[in-house]
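S.K.: Starting off with a structure, shown below.
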Ligand code: SF4
């Protein structure tokens, strides 16, 4: 079973506890339809704007066993209020540069 570490938008923590992300992980739905149910090894925020702390947090998740990092939909899609992260592309590129290329990335969750 694929082990996944979630990273979410810190700004949306007041609006969403990530319930749907945990459901789709358990049930292998959303972005995980292609791989089936996944094991969640951690669920952390980006660390706040402008997202510089995301690299350390992604590394921490990998150290805790994540084979993949899933960016929750609050970041790229702006779920649930339609307000995507203005730093998304920069954060994504930074994580790609710093993580082992074997770590899989999911750009959204559901
Ligand atoms: S950097 Fe983006 S993902 Fe992180 S808190 Fe700010 S808006 Fe949210």
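In this note's numbering, the protein residues as written are 21 to 130. Idealized CB from N, CA, C, for every residue including glycine.
At which residue ranges does the segment 66-91 contain complete beta strand (DSSP E) runs of 3 or more residues, listed in the order of the chain?
M.R.: 88-91
S.K.: Who are the Cβ neighbours of residue 56 in its own chain at under 7 Å, not counting the five residues just before and after it?
M.R.: Only 48 meet the Cβ criterion.
S.K.: So residue 66 and residue 36 are in contact, right, with Cβ under 8 Å, and what is the actual spacing, rounded?
M.R.: About 14 Å; that fails the 8 Å criterion.
S.K.: Any heavy atom of the ligand SF4 closer than 7 Å to the CB of residue 101?
M.R.: no
S.K.: Looking only at its chain, what residues have a beta carbon closer than 8 Å to the beta carbon of residue 97, apart from the 5 residues adjacent to it on each side?
M.R.: 104, 128
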